[in-house]
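Below: one structure, written as structure tokens.
Numbering (this note's numbering), first residue to last: 63 to 605.
Put into structure tokens, the structure is as follows:
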């Protein structure tokens, strides 16, 4: 053989940063439940470039293979962040996963591949998976990895997960018009991927969401409710909303998070709302409309009557989340409070949630269902009727979980154990596919600009990449966060078979560790071994 080949097997938690070294030992295998997705990585180290194939032979029929691609980051981490990063310099980070069938060009150096297994319900038991590098129909390197598919299903326990879905970004990137055939096709493609990786709630733009928008400016119109004004009376058409809901249901979405009724950071203004007024289509509310406007309140009142009737006729009331304004702080208490009273009065009995981290909003009864960030959640634990959490670019201290490029994957995945222990019922993130710079000033190419124009640490604003065919290319972070959801579901499964105390004792190793949102072992081995212990306990308790 005229070349040297080294084949190595890695867990899904390994991140091989630029110029990083491979771990000393091969990954040996894992167990999984039969409705679970599981991944591992393959490293092929070559001293010469050549064309060949990567073969994965298994009794599991659904096997997805991806090459791991590096994406540039000019802003990997904000100043003042904690020290839990192996690599946080400007440069290239492993993130993008590009699917391939068999044939691949092996480049000189380290070639990384991501292998995802999706068992069919008919297959249970053990399997020795053979991974081979092939050249000219000859195997030139091969190794085995052992897995076990347990004859039981994960229980996701009605957990709600939303990662804000930005259809205007899809319109801008693909240069398509709102509600065209291409709009619906591409939106459905991206939403299917979101649901496949855990998202069961979608941000639904009944009006163009007033999120991350420069004051006085506006984002492309994606309004699903058509408004007509005649003689000062508002009427509403829900045909587009019906099409959206039907499409989302077809993608597996169960919950609908209606876009915010007031602008972000304090609820000072109305969102952009378009209407046909005496035959002319124009903007009727926006930055020029104060939140306290009598006309806007009249509009909201008339809308609420018809929207509630529409939702309740479709049996959706219990599947709706409403927002007042995103991320208010204490200085915005007065304006947010006034707006919140309006929405709570109009939508009594509906679930009204907002991302905020000041507990006074809840203590004063201003918001009924707060969503605190994971670095402020301790103030809310045990104090609210239902606990949710979120993170964004600001959560870079106290060792809390996040999904930045420079986070080791365990830091992304550990939130599953944390949310289980503290009975978190929902998780929110703002960026499934945000392809603009900060404040939506310009479109970016996420393959080249990963930090919203140097404003958000790379990885904060999106977890999927727009493929040329209108589908979503995956990221490592998309898969790893779904692993966190699966870990939480495995604990729910075990809890149903035993009790919560048993589950917590496993993840805390009989009180060796006190798992909090800031404190947990920084060890891939701990994470992987703990999950195996959970699976073993499930097997032992299946009747």
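Even glycine gets a Cβ: it sits at the ideal position worked out from N, Cα and C.
Best match in the options for proximity to residue i [C-alpha to C-alpha]
i           : options               : result
residue 70  : 100, 206 and 139      : 206
residue 558 : 342, 604 and 77       : 604
residue 109 : 526, 65, 573 and 130  : 65
residue 259 : 372, 225 and 137      : 225
residue 495 : 484, 525 and 502      : 525
residue 536 : 132, 79 and 303       : 132
residue 417 : 538, 174 and 453      : 453
residue 157 : 518, 467 and 508      : 467
residue 428 : 392, 82 and 375       : 392
residue 560 : 292, 296, 332 and 596 : 596
residue 538 : 103, 80 and 95        : 103
residue 141 : 402, 134 and 150      : 150
residue 550 : 581, 580 and 589      : 589
residue 303 : 357, 246, 327 and 272 : 246
residue 571 : 591, 579 and 586      : 591
With 16 other Cβ atoms within 10 Å as the buried cut-off, status of residue i
i           : result
residue 513 : buried
residue 113 : exposed
residue 208 : exposed
residue 228 : buried
residue 248 : buried
residue 305 : exposed
residue 489 : buried
residue 365 : buried
residue 216 : buried
residue 183 : exposed
residue 396 : exposed
residue 385 : buried
residue 476 : buried
residue 521 : buried
residue 426 : exposed
residue 343 : exposed
residue 173 : buried
residue 334 : buried
residue 105 : buried
residue 295 : exposed
residue 311 : exposed
residue 436 : buried
Cut-off 8 Å between Cβ atoms - residues of its own chain near residue i, not counting five sequence neighbours on either side
i           : result
residue 144 : 458, 459, 460 and 461
residue 244 : 236, 238 and 532
residue 443 : 449 and 484
residue 581 : 461 and 575
Alpha-carbon spacing of residue i relative to residue j, whole angstroms
i           : j           : result
residue 349 : residue 278 : 6 Å
residue 480 : residue 553 : 11 Å
residue 219 : residue 275 : 35 Å
residue 368 : residue 319 : 18 Å
residue 323 : residue 341 : 25 Å
residue 120 : residue 543 : 25 Å
residue 529 : residue 491 : 22 Å
residue 107 : residue 86  : 14 Å
residue 484 : residue 430 : 19 Å
residue 546 : residue 540 : 10 Å
residue 336 : residue 284 : 10 Å
residue 445 : residue 411 : 20 Å
residue 619 : residue 90  : A question about residue 619 goes unanswered here, because the residues of the chain that appear run from 63 up to 605.
residue 200 : residue 168 : 15 Å
residue 88  : residue 73  : 9 Å
residue 339 : residue 298 : 12 Å
residue 401 : residue 308 : 30 Å
Own chain partners of residue i with C-beta closer than 7 Å, once the 5 adjacent residues on each side are dropped
i           : result
residue 583 : 575
residue 404 : 359 and 362
residue 118 : 125, 127, 177, 191 and 193
residue 123 : 182
residue 281 : 230, 270, 275 and 502
residue 254 : 313
residue 487 : 221, 222, 448, 449 and 450
residue 98  : 216 and 548
residue 373 : 379 and 382
residue 601 : 212
residue 499 : 506, 514, 515 and 517
residue 77  : 156, 470 and 471
Nearest-angstrom Cβ-Cβ length linking residue i and residue j, presumed shorter than 8 Å
i           : j           : result
residue 493 : residue 523 : 4 Å
residue 315 : residue 286 : Going by Cβ atoms, the distance from residue 315 to residue 286 rounds to 14 Å, so no, they are not a contact pair.
residue 355 : residue 329 : That belief does not hold up - the Cβ atoms of residue 355 and residue 329 are roughly 12 Å apart, past 8 Å.
residue 80  : residue 154 : 5 Å
residue 100 : residue 179 : 5 Å
Spatial neighbours of residue i in its chain, beta-carbon cut-off 6 Å, leaving aside the 5 residues before and after
i           : result
residue 203 : 67, 69 and 195
residue 189 : 120, 121 and 209
residue 534 : 252, 255 and 526
residue 565 : 553, 556 and 557
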